[in-house]
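Here the structure comes first, spelled out in structure tokens, and everything after it is commentary.
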Amino acid sequence: MLALRVWAGLDPAAIIIPEGNDDVERQSAAGNTLVQIKSRREDLNGLPLGSARNYIAELWDRHDKFSPPAARLELILEQGIVDHAATAGGSIPPNAKLISQLPQDIRGKALLAKTDIRHVPNPNADSIAIIIERMGCSPIAAALCVAQLLYEVGTLANENGRLKAGTYRGLAMSDTDRIVTETLAATDVQAIEAALRNGACEPVDFLTPLADPEFYLGVDVQPGHIAAGLVIPRLQPCEALAQGLESRGAALIVGPSGAGKSAIMWDTAHALRHTIRWYRLRRVDQNDLPALRQLVRTLRANPDSPVGFVVDDVGRRGAEAWDALTLEFAGVPGVVLLGSIREEDLFLVHGRSRVAEVRAEPDDDFARRIFEELKRAGLTDWVGWQEPWARSQGLVLEYVHILTAGQRFEETLAGQVDARQSDPARAAELSILRVAALVGAAGASARADQLSAVLSWPEEDVSRSLRRLVDEHLLRMDANGALTGLHQLRSAELVRLMHAFPTPTIAMTFARAAGAVFPRDLEPLVADAMRTRGLAQDSAIEALSTRIQAEPSLEALSASLRGLGMARIANTVDAWLRTEHVKVLPRTQVGTAAMFGLADSTFPPVNETLRMVMAAAADLAAMRADAAGDPRHALLEALPAQLLAELVSGSTDPAVLDRFLSSLNGLPLHPTVRSALATRPVDLLKAPIDGSSACSARSPYWTEPRRFSGSMRSGNSSLWADCLGSSHGRPHPASRTPVAVV
């Protein structure tokens with residue numbers, strides 16, 4: 001930032017030397033300036049007068065060590081000084097109280113006259129703004145220039161550590177100009193923005209505060225909440241995550257829903273924002289990997305100026321794609337991956353050995369600090385923290401809600417639901433809330449513009465009810481009309497409360513929700529409803545078939561098939577674990593039986609234990625081979641053959657078709673699908689390989705640990721070969737390659 005200010009003419013001409021005779025040294029015709037820079041965590045607030053006095057004394061001691069002495073002295077602070085106001089330019093004039101704590105002799109007065117104190121809270125943002133103002137470039141291009149300058153400054157600082165005074169190297173105005181000009185000339189903004197334009201990722205904004213009045217009601221933490229100072233830091237897990245990023249390049253914060261994982265994750269990213277350029281992955285899809293690779297290359301990621309990707313709720317956004325990310329960037333220096341995941345989803349992650357795992361385990365000290373902050377802000381009437389902490393059972397979301405609302409959030413939600421159920425005039429609100437809660441419990445989003453149609457309510461009633469639900473903090477709606485819950489735990493509790501006494505049943509609400517969600521969100525909606533909410537398979541198939549026939553889309557069909565496949569995996573494993581042959585097995589042998597069952601292997605029963613293991617393995621192999629019981633097959637059968645053929649044959653995007661084929665992994669190819677592929681106008685053999693080369697890792701039937709695998713055809717490659725072979729009149733023989741491992 002100091003070099004850029006000289007380059008832009010905001011400061012007098014000088015050579016900026018990192019790690020010279022001080023943290024930074026300015027060399028100019030008017031004499032040298034020694035600059036000391038002091039960082040301070042935001043949770044510690046302003047710098048106490050005593051610390052400021054000590055920093056100034058240290059700077060003056062440095063002044064006395066050099067001859068000739070420095071012409072000016074400068075102290076740059078990340079946090080301001082208590083009881084001191086900074087000017088518009090960031091200068092902090094010391095007040096009388098601070099001056100009184102400094103030496104009052106002739107030396108002290110002389111040094112005070114040549115000392116400048118500055119408050120610089122966001123040097124990275126200031127640097128980007130300087131380049132944009134002077135060059136008129138895009139923010140992303142300016143950020144690239146700053147990253148390259150960081151690399152150059154780091155190199156100079158490293159070299160100066162080995163040099164002697166008088167030979168230190170620094171950045172002159174011409175050096176800064178060269179770096180900025182060359183970086184802009186080499187920057188392919190279109191390539192950088194490819195991943196941003198298609199919605200795969202976005203730069204993380206830690207500067208814009210989100211003063212969210214709903215925050216203490218229990219919401220998913222966002223970067224803006226960190227900027228607004230709403231999140232209380234948890235130093236131990238944050239430090240562990242930072243160490244994990246440094247040692248492994250990837251780290252996950254793990255814990256149950258409501259444990260504060262997102263807050264810890266974003267707080268860690270915020271603490272590292274000065275050195276890491278963070279991008280938030282809005283979705284995790286293997287088809288985005290080429291764009292992300294290009295983004296990393298163009299951003300010139302390196303260990304001195306790394307690029308970081310953040311994924312909140314890995315289990316919801318795709319554990320298979322997270323595995324692909326960690327594998328893709330494991331050997332790329334300067335790329336780090338940070339994510340959060342629920343404890344119950346951790347088993348979905350295959351490449352756990354590549355990732356540092358940190359548990360979100362709140363303790364009594366953290367609970368006390370939350371209470372003290374809320375008490376100081378006047379947001380709680382409790383006189384102590386122990387009782388609400390005990391009632392919350394260690395869940396941060398629950399604890400904060402008890403402190404601020406005086407009761408558990410299910411009690412609050414029950415009161416809100418009861419008020420609507422007892423008032424016939426608010427029936428539309430209940431209808432909307434049922435759909436939004438079921439969607440929110442799955443971590444999905446509903447389309448507000450579809451509610452009137454799926455609920456058969458007039459648009460005016462829907463609009464009025466939506467406004468009231470949002471105002472009462474039961475729903476959240478973004479500028480694009482996407483409805484979400486405040487938190488998955490809250491949404492799940494609303495689902496339970498509103499379906500305790502049918503009607504409507506879960507099946508009826510699911511049918512409405514299936515018509516309201518975005519196509520991509522059908523996958524989590526189906527998987528959650530069948531796995532957690534007790535939705536019957538027949539009801540799911542009927543609702544999905546209706547949705548796809550009403551809005552024909554291969555993307556919607558693929559997402560539905562993936563959701564059905566995920567539900568089948570979980571439900572089949574549960575059913576197998578309840579079989580008599582598994583119940584009699586020693587716990588240590590269950591995994592062995594599963595491995596043999598997935599591999600469809602048999603061994604002579606040389607003893608009683610092995611006989612029981614093989615009997616359980618045979619049960620699993622039989623359940624696994626039962627394609628007729630696969631809900632994906634039922635959905636394909638439920639769709640009109642002509643519609644199914646049109647969806648498949650009409651797809652011109654190999655990546656979209658690949659996602660559809662991967663959703664069928666482990667299932668014999670449906671005759672209608674095979675015929676449609678044979679009539680495709682596009683030669684698949686000439687299709688771009690980037691869209692399909694890594695598809696097998698995305699499939700829920702691949703080698704994920706503890707996951708049920710259907711009858712495989714050697715992964716997606718054989719599915720493609722099967723389709724291609726049939727189009728040439730050469731059916732590809734199915735193989736029985738065992739690939740799944742428990």
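The sequence shown runs 1 to 742 under UniProt numbering. In this text, a Cβ means the ideal position worked out from N, Cα and C, and glycines have one as well. Computed from a prediction, not measured in an experiment: that's the story for all the values here.
- For D381, the number of other beta carbons within 10 angstroms of its own is below 16, and it is reported as exposed.
- Looking at the DSSP output, L171 shares a beta bridge with I16.
- Runs of the alpha helix (DSSP H) lying entirely within the stretch 278-314, each at least 4 residues long, are 289-298 in chain order.
- Bounds of the beta strand (DSSP E) holding R26 are V24 to Q27.
- In its chain, beyond the 5 residues on either side, W7 have a beta carbon closer than 7 Å to the beta carbon of D177.
- Comparing alpha-carbon positions, the option among A125, A291, L522 and E555 lying closest to H274 turns out to be A125.
- In the three-state DSSP reduction, T509 falls in the helix class (H, G or I).
- With respect to the 8 Å criterion, L34 and R53 are not classified as neighbours on the basis of their beta carbons.
- E429 and L466 have their C-alpha atoms roughly 7 Å apart.
- Between Q589 and V613, the C-beta gap is smaller than 8 Å, which places the two residues in contact.
- Using a 10 angstroms sphere on the CB of A425, the tally of other CB atoms stays under 16, which defines it as exposed.
- Closest in C-alpha terms to E580, from the list A616, L413 and E646, comes A616.
- Distance check between Q36 and each of L620, N21, A141 and L49 places N21 closest, using alpha-carbon atoms only.
- For secondary structure counted as the beta strand (DSSP E) over 3 or more consecutive residues, the stretch 70-99 holds these complete runs in sequence order: 72-77.
- Short of 7 Å from the beta carbon of R420, and not among the five residues preceding or following it, lie these beta carbons of its own chain, in chain order: R426, E429 and L430.
- With a cutoff of 8 Å on beta-carbon distance, N160 and R169 are scored as near each other.
- Taking a 10 Å sphere around the C-beta of K109, we find fewer than 16 other C-beta atoms and assign the residue as exposed.
- In the three-state reduction of the DSSP assignment, L272 falls in the coil class.
- Of the candidates P519, A242 and I56, I56 places its Cα closest to the Cα of L73.
- The beta carbons of G485 and A437 sit closer together than 8 Å.
- Beta bridge pairing from DSSP links M477 with L483.
- Counting only the Cα atoms, D364 lies some 27 Å from L245.
- Distance between R118 and L252, taken at the CA atoms: about 37 Å.
- T602 is classed as exposed because its beta carbon has fewer than 16 other beta carbons within 10 Å across all chains shown.
- Under a 10 Å Cβ-count criterion, D83 is classified as exposed, with fewer than 16 other Cβ atoms of the shown protein chains found around its own Cβ.
- Just measuring C-alpha positions, the residue of L49, V332 and A514 sitting nearest N95 is L49.
- Per DSSP, the continuous beta strand (DSSP E) segment holding S340 begins and ends at V335 to R342.
- Excluding sequence positions up to five before and after C145, its CB lies within less than 6 Å of the CB of I131, V180 and T183, all in the same chain and listed in chain order.
- Separation of I264 and P233 (C-alpha to C-alpha, rounded to the nearest whole angstrom) is 7 Å.
- Pairing A319 with R300, the inter-Cα distance amounts to about 27 Å.
- About 6 Å separates the beta carbons of I548 and L557, which is inside the 8 Å limit, making them a contact pair.
- Contact between V439 and A448 does not hold, since their C-beta atoms are separated by about 11 Å, which reaches or exceeds 8 Å.
- Under the 8 Å Cβ criterion, the stretch 460-476 does not count as touching the stretch 527-540, having fewer than three qualifying pairs.
- Burial state of A479 is exposed, judged by a 10 Å Cβ sphere holding fewer than 16 other Cβ atoms.
- Checking the DSSP bridge columns, you'll see H119 partnered with L77.
- Secondary structure note for K109: its alpha helix (DSSP H) is the uninterrupted segment I106 to A113.
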